[in-house]
Amino acid sequence: MSSRIPKQVSPPAEQICHPVQGQVIIELPPFRDHCVLYSVDGILLLQRDHDTAIRLLHPFTGDILDFPPLETLLRYVSSKLVGDKWRYLRRVGAAAINVSADQVVSLMIWSHGMV
Numbered sequence: 001m002s003s004r005i006p007k008q009v010s011p012p013a014e015q016i017c018h019p020v021q022g023q024v025i026i027e028l029p030p031f032r033d034h035c036v037l038y039s040v041d042g043i044l045l046l047q048r049d050h051d052t053a054i055r056l057l058h059p060f061t062g063d064i065l066d067f068p069p070l071e072t073l074l075r076y077v078s079s080k081l082v083g084d085k086w087r088y089l090r091r092v093g094a095a096a097i098n099v100s101a102d103q104v105v106s107l108m109i110w111s112h113g114m115v
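In full-length UniProt numbering, the protein residues as written are 1 to 115.
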């Protein structure tokens, strides 16, 4: 999967990071309809529940990058597995992110049960 980095300006760090008693509190987008699948170098790999869209979230800048839905990977789950195939896809075992010189972001995901 790959996606191009959108041309947008991130909010200033002061708007999303608030130091409180020696800790930094980060305001992230609402998670009531997202599931955190994995973290790669501090970047969160999310799945939006209503359409299974895969999203990368940089927690300090608030930048979000959308990828195709997780359901596009269902065909790669082994047919020999029993039960809910979504359960296997959501158990991400490894992920890698690559950003090319022309700002195309590639995302590789491996999940338990994928062939």
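No residue lacks a Cβ here, since even glycine has one placed at the ideal position from N, Cα and C.
Closest residue to residue i among the options (Cα-Cα distance)
i	options	result
D33	W86, L57 and T52	T52
E54	R75, F60, R90 and V77	The question names Glu, but residue 54 is Ile in the sequence shown. With distances taken between Cα atoms, I54 lies closest to R90.
M114	P59, V105, G93 and P69	G93
L107	R75, S79, P69 and Y88	P69
I43	W110, A95 and T72	A95
R75	Y88, D66, F67 and D63	Y88
V78	V40, W110 and L56	The question names Val, but residue 78 is Ser in the sequence shown. Cα-wise, what sits closest to S78 is W110.
D41	L73, L57 and V104	L57
V104	C35, F31, D66 and H112	D66
D63	E71, L45 and T72	L45
DSSP bridge partner residues for residue i (one or two, in chain order)
i	result
D66	R55
A94	W110
V82	None, per the DSSP bridge assignment.
L45	Y38 and L56
V99	V105
V115	Answer is none; V115 lacks a bridge partner.
Extent of the continuous beta strand (DSSP E) run through residue i
i	result
R87	Counting along the chain, R87 falls outside any beta strand (DSSP E), though it belongs to the alpha helix (DSSP H) covering K85 to L89.
Worksheet item: Are the stretch 73-85 and the stretch 96-105 touching by the rule of at least three beta carbon pairs closer than 8 Å?
Response: Verdict: no, contact absent.
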